[in-house]
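Visitor: The structure's right below; bear with me while I get my questions together.
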Amino acid sequence: MSLLKERLAVPSNKNLPTVDYRKYSRVKKWTLGLTGYRDQIAIIRASGNIFRVRNPLSSARSGIVAEQFIEKIRRVRESKRYKAVVLRIDSPGGDVLASDLMWREIKLLAASKPVVASMADVAASGGYYMAMAAETIVAENLTLTGSIGVVTGKVNLERLYEKIGLNKEIISRGRYAELTAAEQRPFRDDEAELFAKSAQNVYRSFRDKAASSRSMTVDKMEEVAQGRVWTGNDAASLGLVDAIGGISRAVAIAKQKANLPLDKQVTLVELSRPSISLPQILGALGSSIAKADEAIKELLEVMASSDGIQARMDGIMLEQLDGASHDSIIFALIKDYLSCL
12 MSLLKERLAV PSNKNLPTVD YRKYSRVKKW TLGLTGYRDQ IAIIRASGNI FRVRNPLSSA
72 RSGIVAEQFI EKIRRVRESK RYKAVVLRID SPGGDVLASD LMWREIKLLA ASKPVVASMA
132 DVAASGGYYM AMAAETIVAE NLTLTGSIGV VTGKVNLERL YEKIGLNKEI ISRGRYAELT
192 AAEQRPFRDD EAELFAKSAQ NVYRSFRDKA ASSRSMTVDK MEEVAQGRVW TGNDAASLGL
252 VDAIGGISRA VAIAKQKANL PLDKQVTLVE LSRPSISLPQ ILGALGSSIA KADEAIKELL
312 EVMASSDGIQ ARMDGIMLEQ LDGASHDSII FALIKDYLSC L
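Each residue of the sequence shown is one higher than the one before, starting from 12 at the first, in the numbering used here.
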């Protein structure tokens, strides 16, 4: 505390004004001038594997669920509040049908207002499928992108079933009715041929849409497709992305596309802000609940040895103050978390 007083030129006999996290978190953004601007740009995050529908066994916020994402895109398209949209993508891909459905909705959105795709760490395969529907694509230097291709197959459990003595009988009608349902045997020759043709058709559709969106010939796109993965820099030189930069660069481009001056203040409305749970916080520290105290103590020691303010966990700032015990900070964090539930 004495060091802070010295840096802030506060007399030693005066108290340093402080505010606890709970009170700080209750301050409305508009009181600080952070919102309230007339022009708004929507930020939509798409992170994780792509699924068509929500898996009942998965957590509420894991991955990109097409049906939920499409509903959000449609709301933005029908709203007159937003001048432009920045789509922040961090996904290695997933269900190809889900990717195609979302691609269509993003194309419809881009027809009504500017849409800029901003790639994070990974935007490959299904992640690139989504991005190529945007008017402009922005990638980081080391973003892993591309992977314009499909991966498919069938699990063959024949030997496992033999080992455990399990017998499965399927009653079906039609030559290819058991194409993917009969996991207790490999493909027949005619089934394997049909399956390969289906996969090739999906790949061609993906490749051709990518070629159209990037104003390339199909032959030119074929040279950079075939499942190849590129860094953001390489992708820019190959014409797969338009610009290099982070989300701030994407926002600047979105403002330009919406005919807004670059120096004009706008409100960024994040429509899919991730919520971090206490178990996730503790898990990120590489510790179980039982070892959380020790892990946070180690973290505080690292923070205390560094100069300047240390910001950790979105929305929470920790400072090493004189006389503050580690335990009190741990319990304060947990109390603050529980009070927000």
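Backbone N, C-alpha and C define an ideal beta-carbon position, used for all residues, glycine too.
Given a cut-off of 8 Å, decide if Leu-155 and Val-252 are closer than it, judged by their beta-carbon atoms.
Guide: no
Visitor: Classify Ser-102: buried if its beta carbon has 16 or more other beta carbons within 10 angstroms, exposed otherwise.
Guide: That one is buried.
Visitor: Are the CB atoms of Tyr-172 and Lys-179 nearer to each other than 8 Å?
Guide: yes
Visitor: Under 8 Å, do Gly-257 and Glu-146 count as touching if we go by C-beta distance?
Guide: no
Visitor: When the Cα of Leu-120 is compared with those of Asp-132, Ile-181 and Ile-81, which residue comes out closest?
Guide: Ile-81
Visitor: On the DSSP bridge assignment, give the partners of Glu-281 in chain order.
Guide: For Glu-281, the pairing in a beta bridge is given by DSSP as Ile-54.
Visitor: Check each candidate in Glu-169, Ser-183, Lys-220 and Ala-128 and name the one with the smallest Cα separation from Glu-233.
Guide: Lys-220
Visitor: Just the C-alpha distance for Val-235 and Leu-249, rounded to the nearest angstrom, thanks.
Guide: 8 Å
Visitor: Could you give the DSSP three-state label for Lys-4: helix, strand or coil?
Guide: No statement about residue 4 is possible, as the shown extent of the chain runs from 12 to 352 and does not include it.
Visitor: If you check the beta carbons only, do Gly-238 and Gly-160 fall under 8 Å apart?
Guide: yes
Visitor: What distance in whole Å lies between the Cβ atoms of Lys-83 and Gln-51, which are believed to be in contact at a cut-off of 8 Å?
Guide: Rounded, the Cβ-Cβ distance is 15 Å, inconsistent with contact.
Visitor: Where do the ends of the beta strand (DSSP E) carrying Leu-155 lie?
Guide: 155–157 is the extent of the beta strand (DSSP E) around Leu-155.
Visitor: Apply the 10 Å Cβ neighbour rule to Ala-128 and answer buried if 16 or more other Cβ atoms are within range, or exposed otherwise.
Guide: buried
Visitor: Note the first and the last residue of the continuous alpha helix (DSSP H) segment covering Ser-110.
Guide: 107–123
Visitor: For a test of the three-state rule: what should DSSP assign to Ser-73, helix, strand or coil?
Guide: Here Ser-73 carries a coil assignment [DSSP, helix/strand/coil].
Visitor: Sorry if obvious, but does the Cβ on Glu-146 come closer than 7 Å to a heavy atom of the ligand PLP?
Guide: Among the components of this structure there are no ligands whatsoever, and the ligand PLP is therefore not found.
Visitor: Using DSSP bridges, identify the partner residues of Met-12.
Guide: None, per the DSSP bridge assignment.
Visitor: Should Val-149 and Ile-54 be called a contact, given that it needs their Cβ atoms to be closer than 8 Å?
Guide: no
Visitor: Given Gln-79, which residues of its chain have a CB within under 6 Å of its CB, disregarding the five upstream and five downstream residues?
Guide: Sequence-distant partners of Gln-79 (beyond 5 residues in either direction) whose C-beta falls short of 6 Å from its own C-beta are missing from its chain.
Visitor: Could you check the C-alpha separation between Arg-260 and Lys-268 for me, to the nearest Å?
Guide: 12 Å
Visitor: Measure the C-alpha to C-alpha separation of Tyr-139 and Glu-189 and round it to an integer number of angstroms.
Guide: 32 Å
Visitor: For Asp-253, does the three-state DSSP call read helix, strand or coil?
Guide: coil
Visitor: Just the C-alpha distance for Gly-157 and Lys-124, rounded to the nearest angstrom, thanks.
Guide: 25 Å
Visitor: DSSP has Arg-99 in a bridge; who is on the other side?
Guide: Arg-56 and Ser-129
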